[in-house]
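Notes follow once the structure below has been shown.
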Amino acid sequence: MNLKPDDCWQWHYDTDQGSVMLDFNDGSSFISQFSSKMLIPDAFSSHPFCVDDATLFSQFAESCRDTALDETQSKHLIIHGLIAYRFLKPQMPKSWHFTPRHQAIQPSVGEMVLATLTSNNEQALLMVVETNQQASLCIVAQPELLLNSGKSLYLGDAIKIMNDRLVAWQPEHSLFLEKVG
Numbered sequence: 001m002n003l004k005p006d007d008c009w010q011w012h013y014d015t016d017q018g019s020v021m022l023d024f025n026d027g028s029s030f031i032s033q034f035s036s037k038m039l040i041p042d043a044f045s046s047h048p049f050c051v052d053d054a055t056l057f058s059q060f061a062e063s064c065r066d067t068a069l070d071e072t073q074s075k076h077l078i079i080h081g082l083i084a085y086r087f088l089k090p091q092m093p094k095s096w097h098f099t100p101r102h103q104a105i106q107p108s109v110g111e112m113v114l115a116t117l118t119s120n121n122e123q124a125l126l127m128v129v130e131t132n133q134q135a136s137l138c139i140v141a142q143p144e145l146l147l148n149s150g151k152s153l154y155l156g157d158a159i160k161i162m163n164d165r166l167v168a169w170q171p172e173h174s175l176f177l178e179k180v181g
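Sequential numbering from 1 applies to the sequence shown in the UniProt record's numbering.
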């Protein structure tokens with residue numbers, strides 16, 4: 001990915017778009033998909049892109065490297081991960097969509113994890129944005145995720161899940177070959 005963090009980047013809330021934006025040093029911007037009701041008050045003012053943001057950016061970019069996501073999708077996931085970490089209100093877990101496991105894991109921030117949907121046993125690929133001993137705030141790391149309720153989540157959407165529903169994701173060898181070839 002050729003997008004590199006820069007100290008000239010700027011976070012701000014755009015009232016016309018109704019969302020948090022990240023302005024890049026080349027004059028372009030990234031528009032968040034999170035609604036204003038999901039955001040903490042701090043999201044409604046301007047902030048420079050700081051060292052902590054750059055560190056998380058690198059962690060998230062590293063996690064995206066071994067996925068099947070293309071460059072645009074990876075950029076989308078990384079920046080939504082930053083926005084979720086920095087500006088989202090605390091959420092309640094919605095773990096009922098996912099099958100419990102016998103043992104809970106303690107994922108780390110930026111780690112890719114899997115959760116099995118209770119409705120159809122499909123695996124959901126998620127990136128951990130924030131975690132504690134009980135639950136993790138994750139963002140969807142695949143184009144679409146159809147939940148039990150019939151509701152769809154899309155790449156970059158946030159959902160909090162109990163850690164006993166998560167398992168560490170291991171990149172498949174075939175993904176390495178696809179990226180090289």
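Ideal Cβ placement from N, Cα and C applies to all residues, glycine included. Please read these numbers as outputs of a predicted model, since none were measured by experiment.
query, result
"Within 10 angstroms of its Cβ, does residue 165 collect 16 or more other Cβ (buried), or is it exposed?", "buried"
"Identify which residue in 147, 84, 146 and 79 has its Cα closest to the Cα of residue 136.", "84"
"Counting pairs of Cβ atoms below 8 Å between the stretch 137-154 and the stretch 73-80, do you hit three or more?", "yes"
"Just how far apart, CA to CA, sit residue 116 and residue 127?", "14 Å"
"So residue 167 and residue 109 are supposed to be a Cβ contact under 8 Å. How far apart are they, rounded?", "Residue 167 to residue 109, Cβ: 17 Å. No contact."
"Return the first residue and the last residue of the beta strand (DSSP E) that residue 14 is part of.", "10-14"
"Following the continuous beta strand (DSSP E) through residue 115, name the residue where it begins and the one where it ends.", "112-116"
"Answer yes or no: do residue 156 and residue 33 have a C-beta to C-beta separation smaller than 8 Å?", "yes"
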